[in-house]
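K.L.:
Following this message is one structure expressed as structure tokens.
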Amino acid sequence: MIFVLGVIVSLSSSISIFAESKEKKQEYMDSHKEIIKSLKECEKVCDIHTEDITVDFLNQFIYANKIKIGLSENLIKYGDSKEVRNEAKKCIRNSLENISNAEPILDCIKNNLTKDKLKEEKYLKEYLEIYNEMIEEMENDCKEDIVDRVFLKNIICHGKFTVKMLNNIEKYNEDKGIVKLYKDSKKNQIKEIKKMEKLLDELE
């Protein structure tokens with residue numbers, strides 16, 4: 005009788021943990037979907053049609069880092085792995101640093117635009133192609149069952165997009181301040197991707 009009661013208690017506990025885990029995943033995904041929705045609205049809320057590709061890029065760069073902060077904060081709230089949560093905290097610090105480096109440059113040049121509509125059209129065409137690819141891949145990664153894996157796959161995807169975005173502006177820009185910004189950011193981003201890929205492999 006005692007054994008049977010023990011089994012029932014153990015089973016009830018397992019069901020409760022499973023239900024809690026499922027609810028936690030749903031709450032994470034609800035917040036996550038809002039972040040993905042924000043990604044899709046980049047062109048509406050982020051000024052990327054100024055005809056000055058440097059200003060376009062800086063607006064995109066700042067917005068991308070704000071999205072990354074949102075992804076990381078969501079993981080810190082709902083993730084299970086302490087190590088993944090710690091990496092998410094590092095992502096937030098890195099993104100805040102990127103924003104603080106980019107905003108002063110933007111403030112200096114946004115009222116003195118160097119317009120080139122044809123150049124901008126070519127730049128934006130390439131940018132939007134990689135941007136839309138990123139969104140599609142991130143949505144597919146949401147099918148994962150484990151919150152930590154969803155985050156890692158999404159942050160890796162977002163990081164690879166950021167590297168492509170930085171490579172894209174590198175073809176069009178020669179401003180020394182921007183060159184330092186995207187070279188430093190790309191170097192840090194590549195290191196971060198490798199770390200996240202290692203964590204993802206460990207969760208297999």
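So the mapping is simple: the working numbering equals the position in the sequence shown, first residue as 1, plus 4.
Even glycine gets a Cβ: it sits at the ideal position worked out from N, Cα and C.
Out of 191, 85, 108, point me to the one whose CA is closest to residue 151's CA.
P.N.:
Indexing the sequence shown from 1 puts residue 151 at position 147. Comparing Cα positions, the closest option is 85.
K.L.:
Suppose you measure from the CA of residue 17 to the CA of residue 205; what does that come to, to the nearest Å?
P.N.:
As a working note, residue 17 is residue 13 in the sequence shown. As a working note, residue 205 is residue 201 in the sequence shown. Because residue 17 carries a pLDDT of 44, less than 50, the predicted location of this residue cannot be relied on, and the following value inherits that uncertainty. Taking the straight line joining both Cα atoms gives about 30 Å.
K.L.:
Report yes if the C-beta distance between residue 75 and residue 159 is below 8 Å; otherwise report no.
P.N.:
Locating residue 75 in the sequence shown gives position 71, where the first residue counts as 1. Locating residue 159 in the sequence shown gives position 155, where the first residue counts as 1. It is a contact, given that the beta carbons lie within the stated cut-off.
K.L.:
Does the beta-carbon distance from residue 36 to residue 78 come in below 8 Å?
P.N.:
In the sequence shown, the residue the question calls residue 36 occupies position 32. In the sequence shown, the residue the question calls residue 78 occupies position 74. Yes. Within cutoff.
K.L.:
My guess is that residue 31 and residue 82 are in contact by the Cβ rule of under 8 Å, so how many angstroms apart are they, rounded?
P.N.:
For the purposes of this step, residue 31 is identified with residue 27 of the sequence shown, where counting begins at 1. For the purposes of this step, residue 82 is identified with residue 78 of the sequence shown, where counting begins at 1. Rounded, the Cβ-Cβ distance is 6 Å, consistent with contact.
K.L.:
What would DSSP say about residue 26, mapped onto helix, strand or coil?
P.N.:
Position 22 of the sequence shown, counting from 1, holds the residue named residue 26. Residue 26: helix per DSSP, three-state reduction.
K.L.:
Could you have a look at residue 54 and say whether DSSP puts it in helix, strand or coil?
P.N.:
Within the sequence shown, numbered from 1, the residue matching residue 54 stands at position 50. In this structure, residue 54 counts as coil in the three-state DSSP scheme.
K.L.:
I'd like to know whether the C-beta atoms of residue 196 and residue 98 end up nearer to each other than 8 Å.
P.N.:
Locating residue 196 in the sequence shown gives position 192, where the first residue counts as 1. Locating residue 98 in the sequence shown gives position 94, where the first residue counts as 1. Yes, the pair counts as a contact, with Cβ atoms nearer than the cut-off.
K.L.:
Quick check on this structure: which residue in 102, 92, 41, 137 has the alpha carbon closest to the alpha carbon of residue 187?
P.N.:
On the sequence shown, position 183 is the one that residue 187 refers to. If we check each option's Cα against that of residue 187, 102 comes out closest.
K.L.:
At 4 residues or longer, and completely inside the stretch 116-174: list those alpha helix (DSSP H) runs for me, N to C.
P.N.:
121-145, 151-174, all fully within the stretch 116-174.
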